[in-house]
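**Q**
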Amino acid sequence: MTREELTEPDAGSAVSSGAVHRPALRALLAAVLRVLAPIALALIVGGLALELLGKDPLAYYGFVLERGLLRFGGLEETVTRMAPLLLIASGLIVAFRAGLWNLGSDGQFLLAAVTAAALAPALSGALPRALVLLIALLAGALVGALWSLLPALLKARFGLNEIITTLMMSFLGVSLSNVLIKLVLRDPSTTVPQTQSLPVEERLPRLFHTTVHSGLLIALVAVIGVHFVMTRTAFGLRLQVLGANRDAAVHAGLEVGRLIVAAFTVSAALIGLGGAVEVLGVWGTVRADWNPAYGSLVVPLVFLARLNGYAVIALTLFFSALMTGGESAARRVGVPQHYVLVLVALVLLFLALIEYLDRRRPARAQTVMGSLA
Amino acid sequence: MSALFTHSFLIALIAGAVTAGVPLLLAGLGEQISEKAGVLNIGIEGMMLLGAYAGFVATYATGSFGLGFLSGGIGGALAALPVLVLCIRLGLNQIVIGIAVTVGMQGLTALLHYFEFSREYPRLPAAPVWVLPGLGQIPVLGKALFSHNALVYASVALVGLLIWVFRETNIGLDLEAAGQKPAALDAAGVDVLRTRGAAVLATGFLSGLGGAYLSIVGAGIFVPFMTGGAGYIGIVLAMLARGRPIWVLLGAMLFGMSLALTTALQLAGIDVPTDVVQMLPFVVVMVVLAAVARHSMLPPALGLPYARGER
Numbered sequence: 010m011t012r013e014e015l016t017e018p019d020a021g022s023a024v025s026s027g028a029v030h031r032p033a034l035r036a037l038l039a040a041v042l043r044v045l046a047p048i049a050l051a052l053i054v055g056g057l058a059l060e061l062l063g064k065d066p067l068a069y070y071g072f073v074l075e076r077g078l079l080r081f082g083g084l085e086e087t088v089t090r091m092a093p094l095l096l097i098a099s100g101l102i103v104a105f106r107a108g109l110w111n112l113g114s115d116g117q118f119l120l121a122a123v124t125a126a127a128l129a130p131a132l133s134g135a136l137p138r139a140l141v142l143l144i145a146l147l148a149g150a151l152v153g154a155l156w157s158l159l160p161a162l163l164k165a166r167f168g169l170n171e172i173i174t175t176l177m178m179s180f181l182g183v184s185l186s187n188v189l190i191k192l193v194l195r196d197p198s199t200t201v202p203q204t205q206s207l208p209v210e211e212r213l214p215r216l217f218h219t220t221v222h223s224g225l226l227i228a229l230v231a232v233i234g235v236h237f238v239m240t241r242t243a244f245g246l247r248l249q250v251l252g253a254n255r256d257a258a259v260h261a262g263l264e265v266g267r268l269i270v271a272a273f274t275v276s277a278a279l280i281g282l283g284g285a286v287e288v289l290g291v292w293g294t295v296r297a298d299w300n301p302a303y304g305s306l307v308v309p310l311v312f313l314a315r316l317n318g319y320a321v322i323a324l325t326l327f328f329s330a331l332m333t334g335g336e337s338a339a340r341r342v343g344v345p346q347h348y349v350l351v352l353v354a355l356v357l358l359f360l361a362l363i364e365y366l367d368r369r370r371p372a373r374a375q376t377v378m379g380s381l382a
Numbered sequence: 263m264s265a266l267f268t269h270s271f272l273i274a275l276i277a278g279a280v281t282a283g284v285p286l287l288l289a290g291l292g293e294q295i296s297e298k299a300g301v302l303n304i305g306i307e308g309m310m311l312l313g314a315y316a317g318f319v320a321t322y323a324t325g326s327f328g329l330g331f332l333s334g335g336i337g338g339a340l341a342a343l344p345v346l347v348l349c350i351r352l353g354l355n356q357i358v359i360g361i362a363v364t365v366g367m368q369g370l371t372a373l374l375h376y377f378e379f380s381r382e383y384p385r386l387p388a389a390p391v392w393v394l395p396g397l398g399q400i401p402v403l404g405k406a407l408f409s410h411n412a413l414v415y416a417s418v419a420l421v422g423l424l425i426w427v428f429r430e431t432n433i434g435l436d437l438e439a440a441g442q443k444p445a446a447l448d449a450a451g452v453d454v455l456r457t458r459g460a461a462v463l464a465t466g467f468l469s470g471l472g473g474a475y476l477s478i479v480g481a482g483i484f485v486p487f488m489t490g491g492a493g494y495i496g497i498v499l500a501m502l503a504r505g506r507p508i509w510v511l512l513g514a515m516l517f518g519m520s521l522a523l524t525t526a527l528q529l530a531g532i533d534v535p536t537d538v539v540q541m542l543p544f545v546v547v548m549v550v551l552a553a554v555a556r557h558s559m560l561p562p563a564l565g566l567p568y569a570r571g572e573r
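For the record, the sequence lines run as chains A and B.
Here the first sequence stands for residues 10 to 382, where the numbers follow the numbering used here.
Here the second sequence stands for residues 263 to 573, where the numbers follow the numbering used here.
#1: Please list the partners that P486 of chain B has in chain A, where partner means a Cβ-to-Cβ separation under 8 Å.
#2: I want to verify the contact list: residues of chain A whose CB lies under 7 Å from the CB of A372 of chain B, in sequence order.
#3: State the DSSP-derived secondary structure class of A323 of chain B, mapped to helix, strand or coil.
#4: Among B:G292, B:L386, B:L287, which residue has its Cα nearest to the Cα of T483 of chain B?
#5: Looking at chain A, which residues of the stretch 522-539 of chain B have a Cβ within less than 8 Å of any of its Cβ atoms?
#6: According to DSSP, which residues form a beta bridge with L136 of chain A?
#7: If we cut at 8 Å on Cβ distances, does G491 of chain B have a partner in chain A?
#8: Can you name, in chain order, every residue of its own chain whose Cβ lies under 7 Å from the Cβ of T16 of chain A, other than the five neighbours on each side?
#9: For W426 of chain B, report the span of its alpha helix (DSSP H) as first-last.
#10: Would S276 of chain A and G100 of chain A qualify as a contact pair, given that the criterion is a beta-carbon distance under 8 Å?
#11: Please name the residue in A:L42, A:L143, A:V349, A:F72 whose C-alpha comes closest to that of R341 of chain A.
#12: Quick one: any contact between the stretch 298-312 of chain A and the stretch 129-139 of chain A, if contact means 3 or more CB pairs under 8 Å?
#13: Counting C-beta neighbours from all protein chains within 10 Å, is the total for H410 of chain B 16 or more, i.e. buried, or is it exposed?
#14: What are the boundary residues of the alpha helix (DSSP H) that V549 of chain B is part of?
#15: Closer than 7 Å between beta carbons: that is the criterion. Which residues of the stretch 326-358 of chain B meet it against chain A?
#16: What is the rounded straight-line gap between the Cα of V344 of chain A and the Cα of A338 of chain A?
#17: With a cut-off of 8 Å, does the C-beta of M239 of chain A fall near any C-beta of chain B?
#18: Are the CB atoms of S198 of chain A and L120 of chain A within a distance shorter than 8 Å?
#19: Under the criterion of a Cβ to heavy atom distance below 7 Å, does E86 of chain A qualify as lining the ligand ADP?
#20: From the beta carbon of M541 of chain B, is the nearest beta carbon of chain A less than 8 Å away?
#21: P47 of chain A: buried (16+ other C-beta within 10 angstroms of its C-beta) or exposed?
#22: Assuming A277 of chain B and A406 of chain B are in contact, meaning their beta carbons sit under 8 Å apart, how far apart are those beta carbons, in whole angstroms?
#23: Please classify M263 of chain B as buried or exposed, where buried requires at least 16 other C-beta atoms within 10 Å of its C-beta.
#24: Check each candidate in A:G262, A:G318, A:D256, A:G266 and name the one with the smallest Cα separation from F237 of chain A.
#25: Measuring only between beta-carbons, confirm whether F72 of chain A sits less than 8 Å from chain B.
#26: How far does the alpha helix (DSSP H) with K405 of chain B in it extend, from its first residue to its last?
#27: Is the stretch 268-275 of chain B close to the stretch 499-515 of chain B, with three or more CB pairs under 8 Å?
#28: Does the CB of I172 of chain A have a neighbour CB from chain B at under 8 Å?
#29: Is F81 of chain A buried or exposed, if buried means 16 or more other CB atoms sit within 10 Å of its CB?
#30: What are the boundary residues of the alpha helix (DSSP H) that includes I322 of chain A?
#31: For Y614 of chain B, count neighbouring Cβ atoms within 10 angstroms of its own Cβ and tell me buried if that reaches 16, exposed if not.
#32: Compare the C-alpha of K298 of chain B against each of B:M310, B:M501, B:G473 and name the closest.
#33: Would you mind stating whether T175 of chain A and N111 of chain A have Cβ atoms separated by less than 8 Å?
#34: Strictly under 8 Å for the Cβ-Cβ distance: is M177 of chain A near chain B by that measure?
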């Protein structure tokens with residue numbers, strides 16, 4: 010499995026060939042190349058498509074880079090955006106490593122965001138700020154977890170395909186969020202339906218003198234924590250066994266049903282935390298029909314990172330910059346930000362192709378994609 | 263409540279159910295063909311979107327609805343090509359590629375629409391309606407069921423055709439074998455990959471056709487992301503129908519009706535936010551899935567690539 014290559018590089022093949030002095034470094038380089046190659050290929054092919062549509066790809070990429078990473082304001086925005094993406098990614102890592110397709114992140118994220126947006130303004134004033142924020146964050150995580158419970162139970166009890174059930178719950182969650190905002194939580198003083206706004210000074214504290222909020226720290230802790238738990242603890246190992254081979258997990262005496270529910274709960278709770286952090290850190294409110302649909306971005310990102318937490322951090326920075334820069338470019342260069350979706354799809358295609366070429370080499374037995382089949 | 267049962271309400275509800283149900287029917291039938299052959303085609307949302315855009319552009323440019331449907335089908339089949347090459351031929355993960363197809367087509371159609379129309383959403387003239395002779399004169403039902411675009415009747419006829427193909431023909435048997443026991447099909451001298459490839463192209467064509475109906479007949483405009491999960495409902499319909507086309511038809515009408523309920527209720531003077539009604543089909547799906555969860559609904563080889571001589 011590729012994740013093992015990342016943590017325990019292929020010492021076996023290096024020993025047998027005998028020619029390589031530093032197998033760890035070589036394996037790391039190979040792993041980095043396997044992440045960078047799909048991105049580079051996607052940027053090239055996407056650039057050709059832009060050329061065909063009559064836009065200068067180099068100017069576009071240059072603009073995105075400048076606005077997304079090089080300008081201080083853009084960098085702040087990029088780093089701020091990393092918080093929800095990282096939390097969603099850490100949730101997905103848990104599910105994917107356990108071999109479970111949690112494709113319902115959008116619904117889990119949004120319902121949790123609405124929950125936090127409803128609770129925080131209602132409680133603020135009555136309770137100290139830290140407590141309000143803590144309650145809102147936990148409530149968001151809880152609602153996210155609850156929204157995954159039905160797919161988890163159906164999978165655990167009856168083996169019902171979780172791809173379909175999580176997707177259905179996601180659509181349901183998105184609509185339910187809108188219903189809640191429009192019918193229940195609506196702030197009467199605004200024209201566009203939205204929840205009551207949390208004042209800026211009541212939101213998550215900002216880091217140093219930037220606009221980046223402390224949710225980023227929560228997210229970084231979550232990603233690294235998940236990586237540690239999945240690779241270094243018994244619970245993580247159980248989930249990995251479940252993901253690698255369900256029959257083997259049963260034979261090993263693991264309580265598969267309980268593990269499935271646990272993996273889903275943790276996964277969706279982290280995603281829900283992402284929704285809460287985004288609301289409490291950035292917006293302070295949720296507008297009707299707001300749906301960033303981060304899932305379609307983060308799912309490919311997590312694959313690309315081969316479910317590795319550190320790789321996720323680096324890739325999240327890249328994708329955030331792409332989104333921040335892409336939004337500016339939509340206004341200035343005239344390339345809609347939907348172009349990012351095309352890039353993401355191309356990354357996925359090239360990623361799958363490169364894994365295919367990799368698999369044809371005899372030394373590589375299995376891949377992330379293979380283990381998730 | 264008496265307003266609920268007026269003629270105009272019933273006509274709006276049933277006719278709306280047909281209009282909303284036809285894209286689901288076509289997508290569901292398409293997905294059923296793939297699933298029968300052992301391919302979990304999760305990218306049909308993207309195929310529908312390219313079909314919707316291609317169909318819209320063709321009709322907008324030429325004024326011909328027939329050409330629009332044809333382009334929609336071809337667009338859908340084109341969007342299915344990555345699945346054909348990468349999943350069937352190379353054996354790559356069907357879910358990863360399916361996600362890529364959907365995400366890519368969402369981005370591509372939004373991009374193409376922007377470059378062609380900027381921020382405008384031109385409207386097509388109303389699609390031609392074919393009132394069935396005799397049946398069209400029945401009160402209420404005539405207007406509700408028998409005054410539709412020709413593609414509606416063709417889609418229903420397709421249900422009959424597929425029932426026959428699945429049950430009576432070698433093509434149907436080959437498809438079934440490709441999903442149940444591909445090695446046996448291979449041993450019988452039929453190319454598994456070609457069978458599955460043809461199934462995937464048929465899925466793409468039908469999904470694209472459904473998308474085209476959605477944009478040029480159902481809505482009359484193209485809006486990026488307009489399928490809004492219709493492809494996924496198609497997948498669910500195919501799962502629940504367990505290989506039988508008639509159940510896809512019934513399911514599509516049920517979902518179509520829950521989608522049409524908003525408009526019909528508004529006609530009856532009851533104002534419900536669309537979001538409430540949009541939840542209905544998904545609630546129905548979850549309830550049905552939970553109710554029949556015990557029974558296995560999918561072919562054993564679903565989602566697994568076939569490579570000769572493996573295992």
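Even for Gly, the Cβ is constructed at its ideal location relative to N, Cα and C.
Here the structure is a predicted model, which means the values were calculated and not measured.
**A** Result, derived from the coordinates:
#1: For the purposes of this step, residue 486 of chain B is taken as residue 224 along the second sequence, with counting starting at 1. Residues of chain A passing the Cβ test: H347.
#2: Working through the second sequence from its first residue, we reach residue 372 of chain B at position 110. Neighbours of A372 of chain B on chain A, chain order: P345, H347.
#3: Position 61 of the second sequence, counted from the start, is the residue given in the question as residue 323 of chain B. Looking at A323 of chain B - three-state DSSP - the assignment turns out to be helix.
#4: Within the second sequence, residue 483 of chain B is the residue found at index 221, counting from 1. The sequence shown places Ile at residue 483 of chain B, rather than the Thr named in the question. Selected option, being the one with the closest Cα: B:L386.
#5: P535, D537, V538
#6: Taking the first residue of the first sequence as position 1, residue 136 of chain A is located at position 127. Bridge partners of L136 of chain A: A:S133.
#7: By 1-based counting over the second sequence, the position of residue 491 of chain B is 229. For G491 of chain B, the answer is yes, since a Cβ of chain A falls inside 8 Å of its Cβ.
#8: The residue labelled residue 16 of chain A in the question sits at position 7 within the first sequence. With a pLDDT of only 37 at T16 of chain A, under the threshold of 50, the placement of this residue in the model should not be trusted; the figure read from the coordinates follows. Contacts found: T240.
#9: Counting from 1 along the second sequence, the entry for residue 426 of chain B is found at position 164. Here the alpha helix (DSSP H) through W426 of chain B covers 412-430.
#10: Here residue 276 of chain A is taken as the residue at index 267 of the first sequence, counted from 1. Here residue 100 of chain A is taken as the residue at index 91 of the first sequence, counted from 1. Contact: yes.
#11: By one-based count along the first sequence, residue 341 of chain A stands at place 332. Residue A:F72 is the option with its Cα nearest to R341 of chain A.
#12: no
#13: One-based indexing of the second sequence puts residue 410 of chain B at position 148. Label assigned to H410 of chain B: buried.
#14: By 1-based counting over the second sequence, the position of residue 549 of chain B is 287. Here the alpha helix (DSSP H) through V549 of chain B covers 536-553.
#15: P344, L348, L352, L354, N355, I357, V358
#16: Counting from 1 along the first sequence, the entry for residue 344 of chain A is found at position 335. Counting from 1 along the first sequence, the entry for residue 338 of chain A is found at position 329. Rounded to whole angstroms, V344 of chain A to A338 of chain A spans 6 Å at the Cα level.
#17: Residue numbering aside, residue 239 of chain A sits at position 230 when the first sequence is read from its first letter. No, M239 of chain A does not count as interfacial toward chain B.
#18: Residue 120 of chain A sits at position 111 when you count from the first residue of the first sequence. Residue 198 of chain A sits at position 189 when you count from the first residue of the first sequence. Taking 8 Å as the Cβ cut-off, L120 of chain A and S198 of chain A do not qualify as a contacting pair.
#19: In terms of ligand content, the structure shown is empty, and the ligand ADP therefore cannot be addressed.
#20: The sequence position of residue 541 of chain B within the second sequence is 279, counting from 1. Interface residue, yes.
#21: Locating residue 47 of chain A in the first sequence gives position 38, counting from the first residue. Classification of P47 of chain A: buried, given that the 10 Å Cβ count is 16 or more.
#22: Within the second sequence, numbered from 1, the residue matching residue 277 of chain B stands at position 15. Within the second sequence, numbered from 1, the residue matching residue 406 of chain B stands at position 144. With 8 Å as the limit, A277 of chain B and A406 of chain B qualify as a contact, their Cβ atoms being about 5 Å apart.
#23: As a first step, residue 263 of chain B is located in the second sequence; it is residue number 1 there, counting from the start. For M263 of chain B, the pLDDT reaches just 46, beneath the cut-off of 50, and the residue's location in the model is therefore unreliable, although a value from the coordinates is still provided. Looking at its Cβ environment, which holds fewer than 16 other Cβ atoms inside 10 Å, M263 of chain B is exposed.
#24: Within the first sequence, the letter at position 228 stands for residue 237 of chain A. Measuring from the Cα of F237 of chain A, the nearest candidate turns out to be A:G318.
#25: If you number the first sequence from 1, residue 72 of chain A lands on position 63. No, F72 of chain A does not count as interfacial toward chain B.
#26: Counted from its first residue, the second sequence places residue 405 of chain B at position 143. 403-407 is the span of the alpha helix (DSSP H), which, as asked, contains K405 of chain B.
#27: no
#28: Here residue 172 of chain A corresponds to residue number 163 of the first sequence, with the count starting at 1. It does; some Cβ of chain B falls within 8 Å.
#29: Counted from its first residue, the first sequence places residue 81 of chain A at position 72. Exposed, because fewer than 16 other Cβ atoms sit within 10 Å of the Cβ of F81 of chain A.
#30: Position 313 of the first sequence, counting from 1, holds the residue named residue 322 of chain A. Run containing I322 of chain A: 318-341, per the alpha helix (DSSP H) assignment.
#31: The structure shown does not extend to residue 614 of chain B, since chain B is modelled only from 263 to 573, so the question has no answer here.
#32: To locate residue 298 of chain B, count along the second sequence from 1; it is residue 36. Of the candidates B:M310, B:M501, B:G473, the one whose C-alpha sits nearest the C-alpha of K298 of chain B is B:M501.
#33: For the purposes of this step, residue 175 of chain A is taken as the residue at position 166 of the first sequence. For the purposes of this step, residue 111 of chain A is taken as the residue at position 102 of the first sequence. Yes, the Cβ-Cβ distance between T175 of chain A and N111 of chain A is below 8 Å.
#34: The count along the first sequence starts at 1 and reaches residue 177 of chain A at position 168. Yes, M177 of chain A counts as interfacial toward chain B.
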